[in-house]
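Report on the following structure.
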């Protein structure tokens, strides 16, 4: 259970090898030892992350999860909750994709939609049901400012994040009164493995900054957080920019 000070006792990381997921685990471990369930594909990176978190004081349980497998969400959530309640579940997996390929390759579009939208919403559905049964919990969904208004340069990725964002925002409303809540996190450009090799965008942030925002927002029982906070006002302006002008912006 989340204690009176907002510290958690158990954390599920879905997409547990992502930089943001790992940073979030370390941020929680700075407060107290906890149980961490690491849900990810069986790779050397997963083993390294598990060892790293154990070294930081976590009791780590590893669960197989592959976003390409339609049966994976239900199986993963069942295995993750078999060892006890989950206080906070972070849905942190996704792909940026190759924007050029995604303009013409329908199979690549389908794969990205599966990983970035279909799998997360199925995971969210399974987590919501499991947490309803336990009577408490917070689902943290990693969205993106890219979902606020799809840009021509990465519209497939942006549209997948827009769908994810809408789903988890609606899920939050459906859970009112159940003891379960949802936090939607909307980072801007994050310097991470996923963006390696790309030039920084304005207001670029770090996995550690996103992790801090997640922990603080869960504690304050917020439903949405922008990282950095200034992105909220930037995207508000871009959302209302005339389309003919928006197309010409160097985004």
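Residue numbers (the numbering used here): 571 to 821. The beta carbon of each residue, even a glycine, is placed where N, CA and C say it ideally should be.
Residue j beta carbon less than 8 Å from that of residue i
i: residue 688; j: residue 726; result: no
i: residue 761; j: residue 774; result: yes
i: residue 599; j: residue 628; result: yes
i: residue 684; j: residue 638; result: yes
i: residue 716; j: residue 728; result: yes
i: residue 633; j: residue 604; result: no
i: residue 610; j: residue 576; result: no
i: residue 753; j: residue 793; result: yes
i: residue 630; j: residue 617; result: no
i: residue 595; j: residue 606; result: yes
i: residue 646; j: residue 635; result: yes
i: residue 702; j: residue 748; result: yes
i: residue 671; j: residue 686; result: no
Paired residues, beta bridge with residue i - DSSP
i: residue 602; result: The partner list for residue 602 (beta bridge, DSSP) is empty, contrary to what the question assumes.
i: residue 697; result: Answer is none; residue 697 lacks a bridge partner.
i: residue 756; result: 796
i: residue 584; result: 609 and 661
i: residue 751; result: 708
i: residue 776; result: Paired residue(s): none; residue 776 is not in a bridge.
Helix, strand or coil at residue i [DSSP, three-state]
i: residue 629; result: strand
i: residue 611; result: coil
i: residue 713; result: coil
i: residue 723; result: coil
i: residue 639; result: coil
i: residue 743; result: helix
i: residue 651; result: helix
i: residue 674; result: coil
i: residue 634; result: strand
i: residue 730; result: helix
i: residue 784; result: helix
i: residue 679; result: helix
i: residue 790; result: coil
i: residue 571; result: coil
i: residue 812; result: coil
i: residue 668; result: coil
i: residue 703; result: helix
Cβ-based burial, residue i [other Cβ within 10 Å; buried from 16]
i: residue 746; result: exposed
i: residue 511; result: Past the boundaries of the shown model lies residue 511; the chain is included only from 571 to 821, so the question cannot be answered.
i: residue 731; result: buried
i: residue 589; result: buried
i: residue 643; result: buried
i: residue 740; result: exposed
i: residue 624; result: exposed
i: residue 654; result: exposed
i: residue 677; result: exposed
i: residue 713; result: buried
i: residue 705; result: exposed
i: residue 601; result: exposed
i: residue 722; result: exposed
i: residue 825; result: Any question about residue 825 goes unanswered here, given that the chain covers just 571 to 821.
i: residue 648; result: exposed
Supposed close pair residue i, residue j - CB separation, criterion 8 Å
i: residue 755; j: residue 784; result: 6 Å
i: residue 693; j: residue 661; result: 6 Å
i: residue 593; j: residue 757; result: That belief does not hold up - the Cβ atoms of residue 593 and residue 757 are roughly 12 Å apart, past 8 Å.
i: residue 798; j: residue 779; result: 7 Å
i: residue 724; j: residue 652; result: Rounded, the Cβ-Cβ distance is 38 Å, inconsistent with contact.
i: residue 580; j: residue 656; result: 5 Å
i: residue 788; j: residue 708; result: 5 Å
Residue-chain proximity (residue i, chain D), Cβ-Cβ < 8 Å
i: residue 706; result: Within the model displayed, chain D is absent; a lone protein chain is all it includes.
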